[in-house]
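The sequence shown begins at 8 in the numbering used here and counts up one residue at a time.
A virtual CB, placed ideally from N, CA and C, is assigned to each residue, including glycine.
A short write-up of the structure that comes next.
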Amino acid sequence: LVLAIRGTMSAGDALTDLRCDSASLSSNLSSGIRNQSVHRGMWESAVRMDGKLRHVVEEALGPGGTCEGFSLRIVGHSLGAGVASLLTLRWHELVPLFRQHAVHCHAFGPPCVLGPVAAAATSHYITSVVVGDDAVCRWSLGSTKEVLQAAAVLAQEPGAMCRLVKMAVASMAPAQTVGQARSLAQPAYSAAAAMSTAADTEWSAHLLRSLETTLAAPNTPKLLPAGRILWFSHPLSRAVTPTTTAPASSPQASSPLSNAADHVLGLLRDADGTGGDGD
Numbered sequence: 008l009v010l011a012i013r014g015t016m017s018a019g020d021a022l023t024d025l026r027c028d029s030a031s032l033s034s035n036l037s038s039g040i041r042n043q044s045v046h047r048g049m050w051e052s053a054v055r056m057d058g059k060l061r062h063v064v065e066e067a068l069g070p071g072g073t074c075e076g077f078s079l080r081i082v083g084h085s086l087g088a089g090v091a092s093l094l095t096l097r098w099h100e101l102v103p104l105f106r107q108h109a110v111h112c113h114a115f116g117p118p119c120v121l122g123p124v125a126a127a128a129t130s131h132y133i134t135s136v137v138v139g140d141d142a143v144c145r146w147s148l149g150s151t152k153e154v155l156q157a158a159a160v161l162a163q164e165p166g167a168m169c170r171l172v173k174m175a176v177a178s179m180a181p182a183q184t185v186g187q188a189r190s191l192a193q194p195a196y197s198a199a200a201a202m203s204t205a206a207d208t209e210w211s212a213h214l215l216r217s218l219e220t221t222l223a224a225p226n227t228p229k230l231l232p233a234g235r236i237l238w239f240s241h242p243l244s245r246a247v248t249p250t251t252t253a254p255a256s257s258p259q260a261s262s263p264l265s266n267a268a269d270h271v272l273g274l275l276r277d278a279d280g281t282g283g284d285g286d
């Protein structure tokens with residue numbers, strides 16, 4: 008039995024996204040996660056969805072139900088992934104029938120919804136899939152406050168902007184053999200590269216240590232995606248190179264994207280314990 012939850016589509020959904028301050032998980036949950044930080048808007052959505060759907064799913068999975076004997080999978084994308092994760096947490100914790108039916112969540116492009124302790128505690132029944140540098144999977148109110156704190160530190164550092172720009176430009180300098188003529192189309196990075204010195208490197212290391220000390224101070228908790236995270240560092244369309252030479256009509260032919268999809272499905276089956284049997 009699969010319950011799918013869509014992502015942001017309406018103004019109301021956007022308001023749920025923006026209610027990103029932290030609430031506390033219910034005290035009636037297990038000791039590993041009770042009272043831990045949770046995304047307020049998505050937790051409230053999960054609680055409302057629980058009230059509307061729990062009895063429907065219980066009837067379907069229970070004795071004589073239309074899905075008796077089925078496993079329960081909850082899936083979602085973006086906002087839907089966050090709500091699906093928190094709904095799965097509630098049902099795993101509070102509904103024995105759903106635990107018996109191996110409730111498991113697959114969250115695609117999930118937002119940050121749980122504090123580190125609770126996120127780790129859900130790793131055996133929630134799998135979060137992150138692709139590339141998706142900002143949704145990294146952003147929370149706590150991380151935003153850290154960025155602002157870091158900006159305040161940089162603003163107090165004399166010459167920080169000029170130095171950082173110079174080092175950034177230097178890092179883009181293309182490798183060039185000594186004496187090799189530069190193409191007219193090649194950017195003239197060499198002068199900027201020469202300006203980046205060992206002193207700049209030492210300064211940046213000192214600045215990094217200062218930032219780490221500042222950001223280690225207590226502040227708004229940073230949230231994380233729930234459960235076990237499968238991170239694909241490159242989008243599948245770029246990460247897979249075509250290798251198939253069989254005609255498209257051939258039963259042996261398979262696209263590189265379908266091969267990649269099969270690989271992802273295999274990882275998801277492993278994550279929720281169904282193995283590679285195609286269930």
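Secondary structure note for H62: its alpha helix (DSSP H) is the uninterrupted segment 47-68. The criterion of a C-beta distance shorter than 8 Å is not satisfied by P117 and C74.
Following the DSSP letters along the chain, one finds F105 inside the alpha helix (DSSP H) bounded by residues 103-107.
In this structure, the straight-line span from the alpha carbon of K229 to that of V120 is close to 9 Å. By the Cβ criterion, the stretch 39-59 is in contact with the stretch 87-99, since at least three pairs of Cβ atoms, one from each stretch, lie closer than 8 Å. Residue burial annotation: C169 is exposed, with fewer than 16 other C-beta atoms found within 10 angstroms of its C-beta.
Fully contained in the stretch 89-175 are the following beta strand (DSSP E) runs of length 3 or more, in chain order: 111-115, 133-138. V176 has its alpha-carbon roughly 55 Å from the corresponding atom of K59.
Counted as a single uninterrupted DSSP element, the beta strand (DSSP E) harbouring G83 occupies residues 80-84. For Q107 and A126, the gap between their C-alpha atoms comes out near 22 Å.
DSSP places F239 inside the beta strand (DSSP E), whose first and last residues are 235-239.
With a 10 Å radius around the Cβ and a threshold of 16 neighbouring Cβ atoms, H213 comes out exposed.
Apart from the 5 residues on each side of it in sequence, W98 sits with its Cβ closer than 6 Å to the Cβ of F105, V110 in its chain, given in chain order.
If you draw a straight line from the Cα of R235 to the Cα of V82, it is about 14 Å long. DSSP places S29 inside the beta strand (DSSP E), whose first and last residues are 29-31. Rounded to whole angstroms, the separation of the alpha carbons of Y132 and L86 is 19 Å.
With a contact defined as Cβ atoms closer than 8 Å, L8 and L68 qualify at about 6 Å. Residue state for L10 is assigned as strand, using DSSP reduced to three classes.
Note on G76: under 16 other CB atoms within 10 angstroms of its CB, so exposed under the neighbour-count rule. Apart from the 5 residues on each side of it in sequence, W50 sits with its Cβ closer than 7 Å to the Cβ of A30, L93 in its chain, given in chain order. Cβ neighbours of S34 within its own chain (closer than 7 Å, five residues either side excluded): R41, N42. Short of 7 Å from the beta carbon of E100, and not among the five residues preceding or following it, lie these beta carbons of its own chain, in chain order: L36, S37. Rounded to the nearest angstrom, the gap between the Cα atoms of D207 and W146 is 30 Å. For L231, the closest alpha carbon among the candidates S211, L148, A158 is that of L148. In this structure, the beta-carbon distance from R13 to H84 falls below 8 Å.
Looking at the DSSP output, L230 shares a beta bridge with no other residue.
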